[in-house]
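Worksheet for the structure shown next.
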Amino acid sequence: MAERCQNNGSIVCFDPNYRVDLWQSRLDKFKAKCNAFFALADVVKVSEEELALLTGELNIPDGCSALHQLGAGVIFVTMGSKGCYLSTNVTL
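Next up, the structure:
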């Protein structure tokens with residue numbers, strides 16, 4: 287469905303919404319599914335914890351760089367009471 291939307295010019299947004307009780311024993315499968323969506327996503331929203339889990343990076347800019355390398359466009363990283371970090375794959 288995401289591919290169809292992308293092919294029709296729609297903006298594709300993705301939020302992995304990791305849930306321990308659903309994925310803990312299948313983390314590799316969760317990562318693989320997310321990576322497929324990152325390749326199609328114009329906009330990605332992840333939490334700090336999800337970013338670290340999916341990329342292995344504790345540094346937010348490095349984690350975002352890893353997602354950009356997979357194809358993600360704009361990335362929003364939510365940081366609870368600290369706000370939000372925004373990353374684009376465009377150099378100004």
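Under the numbering used here, the letters of the sequence shown match residues 287 to 378, in that order.
Glycine included, every Cβ here is placed at the ideal spot set by N, Cα and C.
When the Cα atoms are used, what is the spatial distance from residue i to residue j?
i      : j      : result
Lys319 : Val376 : 25 Å
Asp348 : Glu334 : 12 Å
Arg312 : Val306 : 10 Å
Is it the case that the Cβ atoms of residue i and residue j are separated by a distance below 7 Å?
i      : j      : result
Val363 : Asp328 : no
Cys350 : Ser373 : yes
Phe300 : Trp309 : no
Using a Cβ-Cβ cut-off of 6 Å (strictly less than) and excluding sequence neighbours within five positions of residue i, which residues of its own chain qualify?
i      : result
Leu344 : Ala338
Tyr304 : Glu336
Here's the rule: buried if 16 or more other CB atoms are within 10 angstroms of the residue's CB, otherwise exposed. What is residue i?
i      : result
Gly359 : buried
Val332 : buried
Glu336 : buried
Pro302 : buried
Give every residue of the same chain whose Cβ lies closer than 7 Å to the Cβ of residue i, excluding the five residues on either side of it in the sequence, and list them in chain order.
i      : result
Leu353 : Phe324, Val330, Thr341, Ile361
Tyr371 : Ile346, Val363, Met365
Leu356 : Asn321, Phe324, Ala325
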